[in-house]
């Protein structure tokens, strides 16, 4: 999930929108004892992007640090992941002609429901990723599908709600909400409750796509992550701190609404998928909450500050180790941070994510 949160200085409005030294995966060095997994397939946002834009959304290293999907594939002794799409930064991704064997379709900035309709048929849409995956690579009985998405959708929704709640301009919020909540369904509802409807229908959109493009097409093992609490990220907190100066009550309302929308999405997602025996939901929302609330238990020391001082694309393990910030010492200081930049996880966070998925697979008998 690639979450971009900016502050327009002239309007001082909160804008929230879609949201080393390498190292091999240490999740498991032993062959799996459970069912054979011949391939791991992936759809999602930047949390699952295997390198569409030439980087992974964590601290950079040589070789690249494994993200959570890599760790799962490694632990299952499945082929290493590579990105099926490619693009220069800022460009719209497309299928790479030379990557037909690659099975990772996750793309930074992707959303379940991209704003407008222009991107609905591009890899910026998680739904389109599922369609491309199914068309390019039919599901085999011994394959695992990993799915994440939704964080950028709620970043957009929160951005638009913040603009309306703090500056009084709800045009973007209304147009985005209209895509899933027709005007007749909004009659008499305050906008935060319109957001409630949007959240549940967004979950329906993802589940419907999973049923149509995966379950009904032969997928036998699917793991779906819930959406993490975007309000607990450094960027959201920084943005809200500025918003509070403009309108403290409005900022509090935005934060409460955004957290509730994510919760409603996750509740609907879990309820709809509970009836499918071929699907396991991993509660990433709850896992992140545990890491942030009890960091020491998970080998973490900093839950609020990003390790990287600038762009994640140029943030290397070497540069971080060479320049500990005030209050830190030793070359390994950044390895126990939760956040690499203002939104994405460090290699340690990705390790914890991979571990959570592997525990779920083992409990299901898929590992």
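In the numbering used here, the protein residues as written are 43 to 409.
Ideal placement from N, C-alpha and C gives every residue a C-beta, glycine not left out.
All values reported here derive from a predicted model rather than from experimental measurement.
Alpha-carbon spacing of residue i relative to residue j, whole angstroms
i           : j           : result
residue 206 : residue 112 : 40 Å
residue 407 : residue 400 : 10 Å
residue 208 : residue 240 : 20 Å
residue 236 : residue 371 : 48 Å
residue 80  : residue 384 : 35 Å
residue 281 : residue 334 : 19 Å
residue 129 : residue 138 : 9 Å
residue 177 : residue 196 : 28 Å
residue 313 : residue 368 : 46 Å
residue 305 : residue 238 : 10 Å
residue 289 : residue 307 : 27 Å
residue 77  : residue 242 : 34 Å
residue 373 : residue 349 : 12 Å
residue 217 : residue 127 : 29 Å
residue 292 : residue 285 : 8 Å
residue 159 : residue 147 : 20 Å
residue 338 : residue 332 : 10 Å
residue 283 : residue 201 : 14 Å
residue 215 : residue 363 : 42 Å
residue 18  : residue 162 : As displayed, the chain neither begins before 43 nor continues past 409, which places residue 18 out of reach and without an answer.
residue 394 : residue 346 : 17 Å
residue 249 : residue 321 : 11 Å
residue 311 : residue 157 : 21 Å
residue 309 : residue 317 : 14 Å
residue 4   : residue 336 : Nothing about residue 4 can be reported from this structure: the residues present for the chain run from 43 to 409 only.
residue 300 : residue 141 : 37 Å
residue 106 : residue 203 : 37 Å
residue 403 : residue 382 : 27 Å
residue 275 : residue 342 : 15 Å
residue 108 : residue 102 : 10 Å
residue 183 : residue 253 : 16 Å
residue 210 : residue 279 : 21 Å
residue 121 : residue 225 : 47 Å
residue 361 : residue 143 : 34 Å
residue 287 : residue 340 : 35 Å
7 Å Cβ shell around residue i - same chain, five flanking residues per side excluded
i           : result
residue 19  : Outside the shown range of the chain, which is 43 to 409, sits residue 19, and nothing can be said about it.
residue 131 : 95
residue 155 : 195, 221, 222, 244 and 247
residue 150 : 44, 87, 88, 91, 94, 95 and 99
residue 233 : 203, 206, 212 and 215
residue 315 : 249, 266, 321 and 323
Beta-carbon contacts of residue i that lie in its chain and below 6 Å, excluding the five residues immediately before and after
i           : result
residue 405 : none
residue 115 : 82 and 123
residue 366 : 375
residue 391 : 380
residue 2   : The first residue shown for the chain is 43 and the last is 409, placing residue 2 beyond what the model contains.
residue 330 : 270
residue 344 : 379
residue 97  : 355
residue 93  : 125
residue 263 : 186 and 408
residue 136 : none
Rounded distance between the beta-carbons of residue j and residue i, thought under 8 Å
i           : j           : result
residue 117 : residue 181 : Contact flag wrong, Cβ pair sits at about 20 Å.
residue 199 : residue 303 : 6 Å
residue 387 : residue 100 : 6 Å
residue 164 : residue 134 : 5 Å
residue 90  : residue 190 : 5 Å
Sequence-distant residues of its chain with Cβ nearer than 8 Å to residue i (five each side left out)
i           : result
residue 377 : 388, 389 and 390
residue 259 : 176, 180 and 181
residue 257 : 264, 318, 320 and 321
Quick one: any contact between the stretch 315-330 and the stretch 355-369, if contact means 3 or more CB pairs under 8 Å? no
Touch check for the stretch 160-176 and the stretch 229-246: three-plus C-beta pairs under 8 Å? no
Would you say the stretch 286-296 touches the stretch 211-224, given that touching needs at least three Cβ pairs under 8 Å? no
At 3 residues or longer, and completely inside the stretch 320-356: list those beta strand (DSSP E) runs for me, N to C. 321-324 and 344-348
Please give the ranges of any alpha helix (DSSP H) in the stretch 75-157, keeping only runs that are unbroken, at least 4 residues long and fully inside the region. 110-117
Give the list of continuous beta strand (DSSP E) stretches no shorter than 3 residues that lie fully inside the stretch 183-218. 185-189
Identify every run of the alpha helix (DSSP H) within the stretch 258-320, keeping only runs that are complete inside it and at least 4 residues long; order them along the chain. 276-288 and 290-315
In chain order, each alpha helix (DSSP H) run of at least 4 residues that lies wholly inside the stretch 357-401: 359-364
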